[in-house]
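Below is one structure, written out as structure tokens; the observations come after it.
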Amino acid sequence: MRVGSVEWTCPFCSLLCDGFALASREGALVLDGSDCPRARAGLVAHQSRGQPEAFVDGAVASLEAGLAEAARRLAQWRQPLFGGLGTDLAGVRALFRLALRTGAICDHADGEALAAGLRALQDRGQFHTTLAEIRARADLLVCVGTDAVTHYPEFFRRCGLDRDDTPCRRLVFLGAEPPTQLPAHMETPRIAGSGDLLADLQQLATLVGAATCRHADQELAGLAQALRAARYAVLVWEAAALPRQGALAVEMLHRIVMLLNRETRAASFALGGSDGAATAQQAFTWLSGLPLRTRLQAADPEHDPVRFAGERLLADGAVDGLLWTWSWTPERLPSVADLPRVVLGPPGMGPRLRQAGAARDCVFLPVATPGLNAAGHLFRTDGTVVPLVAARDDALPGVDRVAASLLEALP
Amino acid sequence: MSTRRLRGGRVFDPANGIAGEVRDVVMRDGRIAELDPRAAVDEEIDASGCIVLAGGIDLHSHIGGGKVNLARLLLPRHQCTPSALATGRHYAEMGYTSVFEPAMAASDARQAHLQMGDVPIVDHGAYVMLGNDETLLELLAQGADPQLVRDYVGWVVHATKALGVKVVNPAGISAFKFNQRKLDVDEAHVHWGVTPRQVIRALARAVHDLGLAHPLHIHCSNLGVAGNIASTLATMDALEGLPGHLTHVQFHSYGTEGPHKFSSAALELAEALDAHPNCSIDIGQVLFGQTVTASADTMRQYANVDFASPHKAVLADLDGDSGCGVLPFRYREQSYVNALQWSIGLELFLQVRDPWRVVLTTDHPNGAPFTSYPHLMRLLMNKPFRDEQLARLHPEVAEQSALKHITRELSLEEIATMTRAAPARLLGLRDRGHLGPGAAADVAVYREQGNAEVMFAHAAWVYKDGEPVVRDGEVRASPVGATHFAEVQFDAGVQRLLDARGDAPLGLHRHHAVIGRDELCACCNGGRLFAWACEPRSP
Ligand code: SF4
Numbered sequence: 001m002r003v004g005s006v007e008w009t010c011p012f013c014s015l016l017c018d019g020f021a022l023a024s025r026e027g028a029l030v031l032d033g034s035d036c037p038r039a040r041a042g043l044v045a046h047q048s049r050g051q052p053e054a055f056v057d058g059a060v061a062s063l064e065a066g067l068a069e070a071a072r073r074l075a076q077w078r079q080p081l082f083g084g085l086g087t088d089l090a091g092v093r094a095l096f097r098l099a100l101r102t103g104a105i106c107d108h109a110d111g112e113a114l115a116a117g118l119r120a121l122q123d124r125g126q127f128h129t130t131l132a133e134i135r136a137r138a139d140l141l142v143c144v145g146t147d148a149v150t151h152y153p154e155f156f157r158r159c160g161l162d163r164d165d166t167p168c169r170r171l172v173f174l175g176a177e178p179p180t181q182l183p184a185h186m187e188t189p190r191i192a193g194s195g196d197l198l199a200d201l202q203q204l205a206t207l208v209g210a211a212t213c214r215h216a217d218q219e220l221a222g223l224a225q226a227l228r229a230a231r232y233a234v235l236v237w238e239a240a241a242l243p244r245q246g247a248l249a250v251e252m253l254h255r256i257v258m259l260l261n262r263e264t265r266a267a268s269f270a271l272g273g274s275d276g277a278a279t280a281q282q283a284f285t286w287l288s289g290l291p292l293r294t295r296l297q298a299a300d301p302e303h304d305p306v307r308f309a310g311e312r313l314l315a316d317g318a319v320d321g322l323l324w325t326w327s328w329t330p331e332r333l334p335s336v337a338d339l340p341r342v343v344l345g346p347p348g349m350g351p352r353l354r355q356a357g358a359a360r361d362c363v364f365l366p367v368a369t370p371g372l373n374a375a376g377h378l379f380r381t382d383g384t385v386v387p388l389v390a391a392r393d394d395a396l397p398g399v400d401r402v403a404a405s406l407l408e409a410l411p
Numbered sequence: 001m002s003t004r005r006l007r008g009g010r011v012f013d014p015a016n017g018i019a020g021e022v023r024d025v026v027m028r029d030g031r032i033a034e035l036d037p038r039a040a041v042d043e044e045i046d047a048s049g050c051i052v053l054a055g056g057i058d059l060h061s062h063i064g065g066g067k068v069n070l071a072r073l074l075l076p077r078h079q080c081t082p083s084a085l086a087t088g089r090h091y092a093e094m095g096y097t098s099v100f101e102p103a104m105a106a107s108d109a110r111q112a113h114l115q116m117g118d119v120p121i122v123d124h125g126a127y128v129m130l131g132n133d134e135t136l137l138e139l140l141a142q143g144a145d146p147q148l149v150r151d152y153v154g155w156v157v158h159a160t161k162a163l164g165v166k167v168v169n170p171a172g173i174s175a176f177k178f179n180q181r182k183l184d185v186d187e188a189h190v191h192w193g194v195t196p197r198q199v200i201r202a203l204a205r206a207v208h209d210l211g212l213a214h215p216l217h218i219h220c221s222n223l224g225v226a227g228n229i230a231s232t233l234a235t236m237d238a239l240e241g242l243p244g245h246l247t248h249v250q251f252h253s254y255g256t257e258g259p260h261k262f263s264s265a266a267l268e269l270a271e272a273l274d275a276h277p278n279c280s281i282d283i284g285q286v287l288f289g290q291t292v293t294a295s296a297d298t299m300r301q302y303a304n305v306d307f308a309s310p311h312k313a314v315l316a317d318l319d320g321d322s323g324c325g326v327l328p329f330r331y332r333e334q335s336y337v338n339a340l341q342w343s344i345g346l347e348l349f350l351q352v353r354d355p356w357r358v359v360l361t362t363d364h365p366n367g368a369p370f371t372s373y374p375h376l377m378r379l380l381m382n383k384p385f386r387d388e389q390l391a392r393l394h395p396e397v398a399e400q401s402a403l404k405h406i407t408r409e410l411s412l413e414e415i416a417t418m419t420r421a422a423p424a425r426l427l428g429l430r431d432r433g434h435l436g437p438g439a440a441a442d443v444a445v446y447r448e449q450g451n452a453e454v455m456f457a458h459a460a461w462v463y464k465d466g467e468p469v470v471r472d473g474e475v476r477a478s479p480v481g482a483t484h485f486a487e488v489q490f491d492a493g494v495q496r497l498l499d500a501r502g503d504a505p506l507g508l509h510r511h512h513a514v515i516g517r518d519e520l521c522a523c524c525n526g527g528r529l530f531a532w533a534c535e536p537r538s539p
């Protein structure tokens with residue numbers, strides 16, 4: 001992929017914006033057409049292109065030696081955890097095979113947010129929509145407990161709210177501060193609510209279902225009316241911004257959507273699944289039949305969304321080795337340093353592990369970043385698989401190749 | 001590669017007029033070969049006491065794509081939602097070697113190919129859904145030239161690497177996005193003013209003119225609604241003689257007779273099929289037990305939300321071109337409606353005279369999981385067994401079902417037609433579904449016995465491209481399957497229309513819309529790609 005062309009897809013959040021250009025200025029990659037801070041930070045983090053170095057316990061090693069040592073250690077662990085899982089589809093496929101062989105438990109670094117959404121879905125289901133549908137017909141957008149754009153800066157633009165022909169008339173913020181920059185040509189009210197999002201959603205559900213409710217909050221009553229009057233209302237939520245007991249709030253939100261659909265049209269839209277989280281969740285589900293937080297073993301994989309939470313296993317010392325995969329920002333190191341680790345990360349992660357005093361008992365193997373220096377596929381937050389192109393070539397192997405080599409090298 | 005001879009099995013190969021003759025089948029370098037019976041081979045397999053068939057072909061089974069995965073998330077690890085890996089293995093154990101995903105949303109094509117790429121052993125392909133995409137509806141609303149429609153359909157097939165084209169509840173999924181709750185064949189879409197009849201006609205014409213081998217694959221209007229036989233017949237009529245494949249017709253063959261205002265219209269459909277040689281069907285048989293229904297028909301799935309069991313549902317409006325509804329469902333013997341559905345499916349199988357136009361399906365997982373095919377085959381081949389089952393059902397159905405009086409038992413030859421020869425022919429897979437020289441050496445060998453269910457559940461041997469993959473019902477090798485897709489010709493000028501619509505057609509930037517061969521190969525795990533070149537037909 002030639003830099004300067006428009007054909008770039010940004011991999012740095014699950015909106016996977018595919019309409020901006022990437023330009024090269026003074027050796028640095030910069031985004032053209034958007035000032036998205038998240039994308040900028042992502043590009044800056046990968047600016048330096050130093051010599052990629054593998055290491056074994058902090059000592060520089062060739063990639064081959066690193067791979068061999070990593071495979072040797074991996075084979076010795078009785079209960080490995082495959083954490084992070086920050087990679088693209090090909091990487092997930094390869095890690096899955098490796099996990100199946102080693103009996104690993106698998107969870108994404110943001111597995112907690114994934115689990116909340118999954119629990120709500122499994123309990124009662126949901127009615128969701130996609131970016132293209134929002135652009136085409138949403139006349140009322142309600143951001144529930146999130147301003148949406150702090151973590152998903154281009155969201156409103158992806159919803160077409162900046163376009164003259166947007167059908168959207170109102171953009172409501174429930175239980176969240178509106179951002180400073182708001183789309184023009186539409187009302188953008190804020191409903192403060194009681195400060196307890198779950199209670200507010202409960203009341204809203206009552207109001208949407210029965211129209212009246214004693215001691216109703218006037219603003220919520222107004223919102224319920226607007227929702228019922230809308231032709232196509234969309235309730236937006238963000239997995240990582242949920243309060244405690246997040247699954248309950250999401251369930252309530254789904255209930256409101258289901259109630260609305262009895263008379264008019266409505267849907268929910270989830271923001272989440274960035275950094276390969278949605279990709280790992282989806283691919284593990286089709287490969288094994290079970291979502292993440294599963295212990296893979298050929299005969300009988302075991303799923304437990306609580307017991308097999310990655311961070312919990314690490315905190316409890318319930319695993320004896322960690323294979324950490326994170327192809328995105330070099331800063332996201334494994335949360336533990338006193339456990340044997342194999343770390344797959346961008347070249348910049350190696351030095352950071354050393355600086356953090358986390359290089360002991362650790363094999364580091366540099367990998368490419370999909371969408372930056374490798375092609376690949378990721379799931380967008382609305383479920384569409386988006387292809388990524390390489391903006392430059394750093395001659396780095398992808399997670400898929402490294403994981404496949406590890407599998408081959410297992411004794 | 002090597003040469004193998006299956007010696008002394010009874011061969012059923014309807015495409016080549018062979019019905020139970022004892023003969024040898026030779027596989028050489030992945031193909032069926034003719035060989036002197038005395039010539040030496042690398043391996044000789046004693047198939048005496050066995051029947052030998054081409055590998056099974058399922059032309060309608062939901063094995064890949066967003067809604068399949070939603071079903072897995074909703075009902076984890078249920079036999080109706082097997083993993084991709086288990087799907088390939090279970091199909092192979094039953095002697096199936098090709099399976100086709102019938103409802104690929106254009107915007108979800110990559111996911112569908114990715115998931116199918118992880119289904120091992122069996123070859124696969126998909127039909128892309130059209131007829132609820134805003135681009136086509138707008139073209140029809142503007143009265144666009146059929147040539148432009150054809151080129152657009154061609155581009156979508158090319159972009160998504162589809163083998164065929166499917167329409168689900170024509171214009172109805174889109175209408176539901178505008179809060180329309182029902183759409184009859186001659187009723188207008190509330191926004192676009194287009195009728196299902198127009199959509200059917202336009203798509204059938206485009207599919208025909210493009211030269212796609214598989215006729216337009218049609219999920220009719222009003223799925224599951226009492227009295228929907230009228231819309232099914234109207235849909236056949238809308239084809240105006242062009243080829244059409246009506247899918248899971250069991251769900252579309254309901255009358256309104258009787259005390260429950262819900263009755264079998266199987267005979268009407270069978271008769272209509274006699275009168276419409278341009279039409280073929282698959283059944284979508286219902287079998288009892290827990291399953292999950294997964295469909296793009298948001299309009300009809302939403303209407304059934306209250307019947308979901310367990311009571312939950314995932315629904316979605318998708319990318320300006322499709323929808324999705326996933327509902328767990330439990331078919332019960334003591335439910336009048338479910339029992340009648342069971343009966344209607346079997347009546348259809350047994351009342352349609354031409355087995356070349358009927359394909360055996362359960363619309364996996366909608367009517368039942370595909371793993372129940374052997375049970376279904378036994379029901380079709382064994383009248384006393386069928387009567388036994390019927391007697392256990394809701395008393396009114398047991399009493400009144402036309403099934404009681406149907407004595408037909410399908411023969412092995414007819415089963416081989418409905419599960420091999422007919423689907424291969426309907427898909428245009430010239431070298432599949434038969435055992436003639438040059439055909440792909442996808443072969444299933446079953447140990448002959450009285451109980452068809454036991455026989456078909458576990459093949460004694462299965463060969464994929466001439467190599468053994470199953471022995472005594474157990475998978476021994478899991479090669480990557482191949483992908484079948486159509487290569488169509490269309491006027492590249494259609495790109496202008498798409499450019500003008502931004503990312504509307506596929507919910508993706510237009511630069512990423514087309515799946516190239518290399519990308520397809522990567523999605524499909526490096527499996528072989530079979531491109532079927534289409535000869536355009538003059539209108
Ligand atoms: S919103 Fe997300 S995908 Fe879009 S440019 Fe910003 S970081 Fe990239």
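The listed protein sequences derive, respectively, from chains E and C. With our numbering, the residue at position 55 of the first sequence is 55, and numbering never jumps. With our numbering, the residue at position 239 of the second sequence is 239, and numbering never jumps. Glycine included, each C-beta is placed from N, C-alpha and C at the ideal position. None of the values given here were measured: they were computed from a predicted structure.
Judged by pairs of C-beta atoms under 8 Å, the region 119–138 of chain E touches the region 302–316 of chain C, as three or more such pairs exist.
Taking C-beta atoms as the reference points, C/T160 and C/R501 fail to come closer than 9 Å.
For the region 130–159 of chain C, residues whose beta-carbon sits nearer than 9 Å to a beta-carbon of chain E comprise E134. Given a length threshold of 3 residues, each whole run of the beta strand (DSSP E) inside the region 446–512 of chain C is given here in chain order: 461–464, 467–471, 483–487. Counting C-beta pairs with one atom in each stretch, the region 291–300 of chain E and the region 53–64 of chain E have fewer than three that are closer than 8 Å, which means they do not touch.
Close CB contacts of C/N382 within its chain, under the 8 Å cut and outside five residues either way in sequence, are with E409, A452 (chain order). Residues of the region 509–521 of chain C that bring their beta carbon within less than 7 Å of a beta carbon in chain E comprise H509, H511, H512, E519, in sequence order.
In the three-state reduction of the DSSP assignment, C/E333 falls in the coil class. Taking the Cα positions, E/L161 is about 8 Å away from E/R135. Using a Cβ-Cβ cut-off of 9 Å, E/F269 is close to nothing in chain C; its nearest Cβ partner there is about 10 Å away.
Taking a contact as a CB-CB distance under 8 Å, the pair E/V336 and E/L365 does not count as one, their CB atoms being some 18 Å apart. Note that the C-beta distance between C/Y446 and C/L53 is below 9 Å. If you draw a 10 Å sphere on the C-beta of C/R181, you find fewer than 16 other C-beta atoms in it, and that means exposed. Look at C/D209 here: in three-state DSSP terms it is helix. Against chain C, the CB of E/T188 has no partner CB under 9 Å away; the residue lies outside that interface.
C/W532 is the residue among C/W532, C/D317, C/S231 whose C-alpha sits nearest the C-alpha of C/R430.
Take the alpha-carbon of E/R119 and the one of E/V306: they are about 11 Å apart.
The set of residues whose C-beta lies within less than 6 Å of a heavy atom of the ligand SF4 reads, in chain order, E/C10, E/F12, E/C13, E/L15, E/L16, E/C17, E/S34, E/C36, E/R38, E/A39, E/Y152, E/P153, E/E154. Out of E/P340, E/L333, E/D338, the CA that lies nearest to the CA of E/P351 is found in E/L333. Taking 4 residues as the minimum length, the alpha helix (DSSP H) runs contained wholly in the region 134–203 of chain C are 134–141, 146–160, 172–177, in order along the chain. For the region 28–63 of chain C, the continuous beta strand (DSSP E) assignments of 3+ residues that do not extend past its boundaries occur at 31–33, 43–46, 50–54, 56–58, in sequence order. C/F307 sits in a helix when the DSSP states are folded into three classes. Within the same chain, I32, D431 come within 6 Å of C/A439 by CB-CB distance, once the 5 residues on both sides are set aside. Residue contact check for E/Y152 against chain C: no CB pair falls below 9 Å. Between C/R330 and E/G289, the CB-CB gap reaches or exceeds 9 Å. Taking 9 Å as the cut-off, the beta carbon of C/V194 is found closer than this to the beta carbon of C/A141.
Contact note: C/V314 reaches chain E through L121, G125, Q126, F127, H128, using a C-beta cutoff of 9 Å and chain order. At a cut-off of 9 Å between beta carbons, E/T180 makes no contact with chain C. The contact set of E/P291 on chain C, defined by CB atoms closer than 9 Å, consists of R72, L73, P76 in chain order. Chain C has no Cβ within less than 9 Å of the Cβ of E/F155. With respect to the 9 Å criterion, C/G473 and C/H484 are not classified as neighbours on the basis of their beta carbons.
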